[in-house]
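Residue numbers (my numbering): 285 to 1434. By construction, the Cβ of each residue, glycine as well, lies at the ideal position given by its N, Cα and C atoms. Computed from a prediction, not measured in an experiment: that's the story for all the values here. Below is one structure, written out as C-alpha cells, with a few remarks after it.
Given below as C-alpha cells:
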C-alpha cells in the first residue's frame, strides 16, 4: 500500500441553536453553576472525610444464630445423644437455614446456624425459638434453659494486659475499674479475660452424712434455702444469681440450718462439712513474666472507628498509669489501630505519588490550562466519591483505598477525551464556547459508553459469592461511585472551565500578536518546551506511527496469527503452573501462638513450668530467626543474578531493595537485642490459641493445656518474617511431661491454618482413626507441618445404666444422674453476688474418700425416700470417650488442620499429592469416611465458580453496551478482541515481578475487561466518523493518528496512578500488588497492541463484509436467472447481511 497524505478531520458546521441546548450548554455558559456544583462535591467529600470510619478490612457479618444448652457434668457423648440429636433435626430444615454446625462438649451443646444472605433475622430468631421450645421438654431435667442469640458484628480494637504481684481479687478490682472507666468513655464492649472468681467450697464429710441419713443434695437445699427467694437477676444472661440474707461468707454458709430434730437439736452445714472460701487455681489463668495477669479485650461494633477508639484507650492509659501501684504493669497489645493506620498511610503515600505521575503525564501531553482543569477533576471526583461512600455506609479500608488509587487514572480518562477534543476544535477555529460545548456533546457517546463498560465490569464484581466476595465488594462500589462522579464533573463542570480557559488563552494570544503582552520567563520556558514537545510528538505521530499502522493494516492477517500465538502461549504457561497460583495472599500479622499439651498425670504446675521455659527461649528463637532469614536473603540475592531476560529490569530493582534489607538486618543483629523485637509475650494455662491442642489429642484436662502468645514489632522494622520464627518453635526446651507442641502464625485477622480437611460420616471412633492417619500423611508431605485434628480424647467414662430392678423401684437416668453427680462431681448450691463480684457455693464430697469401694457402698434414694445401694439399681460400663463431638448438617465430622509453607506450593498441590499417593482413597476405603478440603480450599472453589459466572455476565453486558453504541453486532467484536491481550499482560506482569496469581488478580482482570476496551471505543468511533467522508483505508490511518494522543494519555494516567504500588516493598501492601500488576501490564500491553490491532481488525471486518456483499451479489444474479421468484428473498438476505457493515464503507475496497 502506498502511504497517502494525512488529512485532518474536517470540522462540521454546527448551528448556534445546537450549542445553546441542554444541560451541558447551560452549565458551560452560566457564570457560577459549574463552580457551585464543584463546591458542593468538594463539601460532601470534606464532610465525609471527617466522618468515615477507618478499618483494615470491610465489616463482614454472616447471618448466624447460636444456641447454647448447658448440662453440668455431662460427658460429651451424653450431651450429643440427649441434646444435639434431639434439637439438630428441628433446626436444620428451618426456612433459609444454609448450614447447621453442632458440637457436643463436656457439659454443654453448642449449635451455630448459618442463614442465607439477606435473611430476615428477626423472623429467623422467632423460628429458631419456636423450634427449641418444641423439644426443650425432651432435654434432661437438669439441663439449663437454651440460650439463643443472633450474632452481632464485633471487631477487635486492642487488648490491655494488667499484671503484678497481687492476689486475683486485687488484679480483678483494677481490671473491673478500668473496664468500667473505658465503657463510660464510650467504648462498646470491654471484656475481662483470665479473672477467676472466689468460690465457697462446702466439702462434706461422707461418714457424717451417712450417719445422719443425709445426702449432699440436702446440704445444697439448706444453703439455697438460706438465700433470699428473690433473684438478683442474671449474669450475662446465662446464670441466675441471688443475694444472701446475711453476709455471703464461709461462716454464714456454715451456719445454714439443715434440719432441726424433735429434741431441739439442730444440724447445720458446719456440722457435716468444712466450709472454706478461696480463689480456685483452676480454669484459665494468664501470666506475664511469671506474675499473675488479667486481660481486657476491647471490641468495636459496626459503627465504631478503631483509630478513634484506640485514641481514647491511649489517653485513658496515660491518665491511669500514675494512679496504679508501682509494681503493676500495663501493656497495650494487639493494637489494630496501629496496623490500620500504618496501611492507610502506606496507601496514602502511594496515592500521592500516583497523583504526581498522573499530573506529569497530563502536563506533558496537554497545554497548561487544559491539563490544569482536567487535573481539577481528580480531587473533585474523589471528594464526591467519599460523600457517596459515607452515604452508603462504607469505610476507609484497604479495598476502598485500593479502589481510589485504581481510579486516579480512570477519573481523568473522560476529562482527557473531552478536554483534548475541545482544545482540538478550538485550534480548528471554533470559538471557546462552541469548542467547549461541542467537545463535550460530540464525545458524550463514546465517553459514556467507555464509562459504562468499566462500570459494568466492576459492577458485576459486587455479586461475587462467599466471604471474600463480600469483603471485596467495596472495590466495585467505590469504583462505580468514582466513575459516576467523574462523568458528572466531566460534562457539567469541565465544559464551563474549558470555556473560560480557552477564552483566556485566546485573549493572551491576541495580546501577544498585538505586541501588548510579554510572556514571563517561566511561561516562555514552558511555551518553548511545549512547542518542541508538540513538534516531536507530531513528527512521531505522522512520520512514525501512521506508517507503522499502514504496515500492520497491510499485514493484518499475519498480525492476527501472531497475536493468537501469544495468547495461546500465555494460556500454556498458566496450565504448566507459571506463574504459580495461590488463591489468597494472606498478609502476615505480628503474632505467633504456641499451644502445648502435657501428658496425663502432669500437674498445673508442670504446665506453667513448661510455659515459662518457652517464654525464656523466645529471645534465642528470634536470634536464630534473624540469622536464618539473613542467610536466606543472601542466597536469594545470589540467585537473582540469573533469570529470564524479560525480568532483568525488575531484578535489578529487587537486587537493590534486597541488598538494603540485608544491610539493615546485619546492623540490627549487631546493635539491637532480640528482646527489642518483642512487643509483648505472655502465657495462659487452661487456654489455647484458637486452634489445635498439640500432641495426639489424648488430653482434655484444662490444667494440662497451655498457650504462649508472642507479639512482635512490625516486619518492616524487624526484617524477618514470623515464618522464620515459626519453623524454629519445635526447638523450644521441653519439659519431661510435655506431650506435644502446636503453633500457628497470625494472618490478617487471626490465627489460621493453610490446610483444613474435613472427614465426614461414620462414628467418631472411625473418624478419629482416620484423622490420625491423615495427619501422618500430611506431615509426610514436604512443606506441610503441624497436622493435627480438632477432636481430643476425653477421660475414661464410667457409664451408669439403670437396671430392671432400679426401674421397678422408680429410678430413671435423670434421677440416678442427679444423685450421682451430687456425690461424685459435686453441685453448685447457689450463685451469690456481693461487692467483689459473683461467688458460687459448691457442695462436694472429699475426693480422698472416693475410692474404688466408694460407689459400691453409696446409697441412692427412691422417689419414696427409701435408701437403696447403688450397685443394686444400676449397671456400670467403662468406655473411652471424646470430650468433643462435632457434626455439620447431621453428619459427624472431624477436621484436620495443618500449616503450609507457601513457598512449597498451595492447598491444591497438597490435595493432588494426597491423591497421587493414594491417601484419600485409602481413607475413604478403610474407614468409610468422606474427605473434603475446606477452609481456604472451599472458599477457592466457591469463588472460582462465582468468578466464572460474573466474567461471562461482564462480557455479555459489555458486548450489549458496545452493540448499542455502534448500532452493530459485528463491530463490538473488534473492540472486545483486545481483552485477551489483557490476559496476556496479566500473565507476563506476574512473571516479571515474580508474583503469584491470586483471587485479587482475577478481580483485577474482570475490572480490566472494562478499562481495556475504552481506547478501542474511542479509536473505532473516530475511524467510523472519518469513514463517512473518506475512503476506508485513509479513515483507518487518519483516525488512528488522530486518537494517538488521547489513547496514550488515558492509558498512561491509569497506569501511572497504580505504578507506585508495583514497587512497594512494604510487606503489608504485597497482597494489593497482584491486581495492580494485572491492570498495569494488561492495559499497557493492550494499549500498545490496540493502536495497530484495532485498525487491522477494522480492515479485516471490511474484508469480510465486502466479500459477503460480493458473494451475495453473485448469488442474487444466479438466482435471478434460474428462479426469479427467489429474487426478492435473496435481496432481503443481502440487506440483512449488509446491515452489519457501515454503508459509508462500500465506496472503497479493503
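Pairwise C-alpha distance: residue j and residue i
i	j	result
residue 556	residue 1166	36 Å
residue 421	residue 609	53 Å
residue 1222	residue 1232	16 Å
residue 549	residue 1124	29 Å
residue 1341	residue 317	30 Å
residue 819	residue 745	44 Å
residue 1259	residue 740	15 Å
residue 466	residue 483	28 Å
residue 1158	residue 1099	12 Å
residue 997	residue 886	35 Å
residue 1234	residue 605	55 Å
Residue burial classification, residue i (beta-carbon count within 10 angstroms, cutoff 16)
i	result
residue 1236	exposed
residue 449	exposed
residue 955	exposed
residue 853	exposed
residue 1435	A question about residue 1435 goes unanswered here, because the residues of the chain that appear run from 285 up to 1434.
residue 725	buried
residue 462	buried
residue 1128	buried
residue 1302	buried
residue 703	buried
residue 1006	buried
residue 1385	buried
residue 1305	buried
residue 843	buried
residue 890	buried
Beta carbon of residue i nearer than 9 Å to that of residue j
i	j	result
residue 1229	residue 779	no
residue 671	residue 696	no
residue 691	residue 581	no
residue 716	residue 781	no
residue 1248	residue 733	yes
residue 1179	residue 701	no
residue 1200	residue 866	no
Helix, strand or coil at residue i according to DSSP, with G and I counted as helix
i	result
residue 372	helix
residue 865	strand
residue 436	coil
residue 762	helix
residue 571	strand
residue 746	helix
residue 853	helix
residue 882	strand
residue 842	helix
residue 1024	strand
residue 430	coil
residue 563	coil
residue 610	coil
residue 524	With a pLDDT of only 43 at residue 524, under the threshold of 50, the placement of this residue in the model should not be trusted; the figure read from the coordinates follows. Residue 524: strand per DSSP, three-state reduction.
residue 1212	coil
Residue nearest to residue i in terms of C-alpha spacing, selected from the options
i	options	result
residue 869	1391, 1352, 843, 329	1352
residue 988	1010, 1024, 845	1024
residue 1437	678, 638, 489, 1008	Here the chain covers residues 285 to 1434 and nothing more, so residue 1437 does not appear.
residue 1152	1097, 1093, 493	1093
residue 1171	474, 1042, 1379	1042
residue 894	1022, 944, 838	1022
residue 382	1201, 561, 399, 763	399
residue 588	568, 646, 680	680
residue 359	707, 542, 393	393
Residue-level contact to chain B via CB, residue i, 9 Å cutoff
i	result
residue 716	Of the protein chains in this structure there is only one, and it is not chain B.
Residue i beta carbon near the ligand COA (any heavy atom closer than 8 Å)
i	result
residue 1269	As far as ligands go, the structure on display features none, and thus does not contain the ligand COA.
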